[in-house]
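Protein chains: 2
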Amino acid sequence: MKAQSLHGHLDALLLAVLEQGALHGYAIIEALRARSDGSLDLPTGTIYPALRRLERAGHVISSWSTVNGRERRTYELTDSGRRALAGERDGWHRFSATVGRFLGSDTPPSAPA
Amino acid sequence: MKAQSLHGHLDALLLAVLEQGALHGYAIIEALRARSDGSLDLPTGTIYPALRRLERAGHVISSWSTVNGRERRTYELTDSGRRALAGERDGWHRFSATVGRFLGSDTPPSAPA
DNA sequence: CTTCATGCGTAGATAGACTACGTGTCGGTT
DNA sequence: AACCGACACGTAGTCTATCTACGCATGAAG
Numbered sequence: 083m084k085a086q087s088l089h090g091h092l093d094a095l096l097l098a099v100l101e102q103g104a105l106h107g108y109a110i111i112e113a114l115r116a117r118s119d120g121s122l123d124l125p126t127g128t129i130y131p132a133l134r135r136l137e138r139a140g141h142v143i144s145s146w147s148t149v150n151g152r153e154r155r156t157y158e159l160t161d162s163g164r165r166a167l168a169g170e171r172d173g174w175h176r177f178s179a180t181v182g183r184f185l186g187s188d189t190p191p192s193a194p195a
Numbered sequence: 083m084k085a086q087s088l089h090g091h092l093d094a095l096l097l098a099v100l101e102q103g104a105l106h107g108y109a110i111i112e113a114l115r116a117r118s119d120g121s122l123d124l125p126t127g128t129i130y131p132a133l134r135r136l137e138r139a140g141h142v143i144s145s146w147s148t149v150n151g152r153e154r155r156t157y158e159l160t161d162s163g164r165r166a167l168a169g170e171r172d173g174w175h176r177f178s179a180t181v182g183r184f185l186g187s188d189t190p191p192s193a194p195a
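If you read the sequences in order, they're chains C and A.
At position 49 of the first sequence (counting the first as 1) the number is 131 in the numbering used here, and the numbers step up by one without a gap.
At position 82 of the second sequence (counting the first as 1) the number is 164 in the numbering used here, and the numbers step up by one without a gap.
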């Protein structure tokens, strides 16, 4: 999948993966890849700047730790981030409903949690 | 809605509106606005270049006509365009399913045609 | 005659993700 | 011991697609 199409929806995805628990950058990339069956294989040059944007915006906070001699920066959602996520979720639903109206809204209902 | 988020999906939308019949540029804009309840209000500077892209790609063909002393350029889907639309549709479904898996895939099923 | 809706079009700005680098550790292979 | 791949972070510059802001022209309405 062309991640090109992610334009404007990446922040929402990042907030969403962090909703289920704090992760460090590399793990976020793997989480996105895993939960999308490999469709979303985003390069570090996309993820790290995005995370810093989110941190500057106050939606996440980061903290360093050392694991196996490797420096990790772990990101965690803030309250502001949780609110932002709710907004992004809403925006996504409106967006996908609108586009779906043109391209066929029959998105096969993937099994919910 | 920020049309910003359309990035990469605009061509699909254009092909989709043309699927139901040939239209000229201005009418395409109105069709998008109408069928989206005003959510998609795209400026001419977005539409016209996009249509020319599609024409260069062979997905649409245009023809001039004069109506009420006004020059109109009417666009029509080609076979290639129809095939492209099928692909875009497929791509959209995969995309929205993937993103939906993270943001909640519960897109309310809007009534089909 | 001025203004608004219709209708086409281009040039330059802007935004957001991408490519291509660069740094360093750890573990396994040769 | 040298090397290479996985882990883990990060930045600079490019690229693509949409947007903003124009410009031109006709017809109808005030």
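Heads up, the beta-carbon is just placed ideally off N, CA and C, and yes, glycines get one too.
What does the alpha-carbon distance come out to for the pair Ala102 of chain A and Tyr157 of chain A?
Here the sequence assigns Gln to residue 102 of chain A, which means Ala is not the residue at that position. In this structure, the straight-line span from the alpha carbon of Gln102 of chain A to that of Tyr157 of chain A is close to 12 Å.
Is it buried or exposed, Val149 of chain A, if we count other Cβ atoms within 10 angstroms and call 16 or more buried?
Answer is exposed; the Cβ neighbour count stays below 16.
Please state if the CB of Trp146 of chain A and the CB of Arg152 of chain A are separated by a distance shorter than 8 Å.
Inclusion of Arg152 of chain A and Trp146 of chain A in the CB contact set at 8 Å is not warranted, their separation being larger than that value.
Less than 8 Å between the beta carbons of Ser121 of chain A and Thr180 of chain C, yes or no?
Yes; because the gap between Cβ atoms is below 8 Å, this pair is in contact.
What whole-angstrom Cβ distance do Val142 of chain C and Thr128 of chain C have, given they're in contact under 8 Å?
Contact between Val142 of chain C and Thr128 of chain C does not hold, since their C-beta atoms are separated by about 16 Å, which reaches or exceeds 8 Å.
Straight-line Cα distance separating Asp123 of chain A from Leu114 of chain A:
If you draw a straight line from the Cα of Leu114 of chain A to the Cα of Asp123 of chain A, it is about 7 Å long.
Straight-line CA distance for Arg183 of chain A to Leu95 of chain A?
The straight-line gap from Cα to Cα measures roughly 23 Å.
Compute the distance between the beta-carbons of Trp174 of chain C and His91 of chain C, then report whether it is under 8 Å.
Remark: C-beta atoms of Trp174 of chain C and His91 of chain C approach each other more closely than 8 Å.
Against chain C, with Cβ distances strictly below 8 Å, would Arg165 of chain A count as a contact?
Not closer than 8 Å to any Cβ of chain C, the Cβ of Arg165 of chain A fails to qualify, so no.
Gly163 of chain C and Leu97 of chain C closer than 8 Å at C-beta:
A contact, by the Cβ cut-off of 8 Å.
Rounded to whole angstroms, what's the CA-CA distance from Ala166 of chain A to Leu133 of chain C? Just pull it up for me.
Straight-line Cα distance between these residues: approximately 35 Å.
Between Arg171 of chain C and Leu185 of chain A, how many whole angstroms is the CB-CB distance? I'm expecting something under 8 Å.
Yes, Arg171 of chain C and Leu185 of chain A are in contact; Cβ-Cβ is about 5 Å, under 8 Å.
Proximal residues to Val69 of chain A (C-beta, below 7 Å), its chain only, five neighbours per side dropped
For residue 69 of chain A there is no data in the structure shown, the boundaries of chain A being 83 and 195.
Between Arg171 of chain A and chain C, is any beta-carbon pair separated by less than 8 Å?
It does; some Cβ of chain C falls within 8 Å.
List, in chain order, every chain C residue whose beta-carbon is nearer than 7 Å to that of Gly186 of chain A.
The contacting residues are Arg171.
Just the C-alpha distance for Asp119 of chain A and Ser87 of chain C, rounded to the nearest angstrom, thanks.
Between Asp119 of chain A and Ser87 of chain C, the C-alpha separation is close to 23 Å.
At a Cβ threshold of 8 Å, is Thr126 of chain C touching chain A?
The beta carbon of Thr126 of chain C does not come within 8 Å of any beta carbon belonging to chain A, so the residue lies off that interface.
Length-filtered (4 minimum) alpha helix (DSSP H) runs lying within the region 100 to 154 of chain A
You should have 107 to 117, 126 to 138.
Does the Cβ of Pro191 of chain C have 16 or more other Cβ atoms within 10 Å, making it buried, or fewer, making it exposed?
Reliability of the predicted coordinates at Pro191 of chain C is poor, the pLDDT of 45 falling under 50, and the value obtained from them is presented with this limitation in mind. When all chains shown are included, Pro191 of chain C counts as exposed.
Span separating the alpha-carbon of Asp93 of chain A from that of Arg138 of chain C:
One C-alpha to the other measures close to 34 Å.
Excluding the five sequence neighbours on either side, which residues of its own chain have a C-beta within less than 7 Å of the C-beta of Arg117 of chain A, listed in chain order?
Same-chain partners within the cutoff: there are none.
Got a sec: is the Cβ-Cβ distance from Leu218 of chain A to anything in chain C below 8 Å?
Outside the shown range of chain A (83 to 195) lies residue 218 of chain A, about which nothing can therefore be said.
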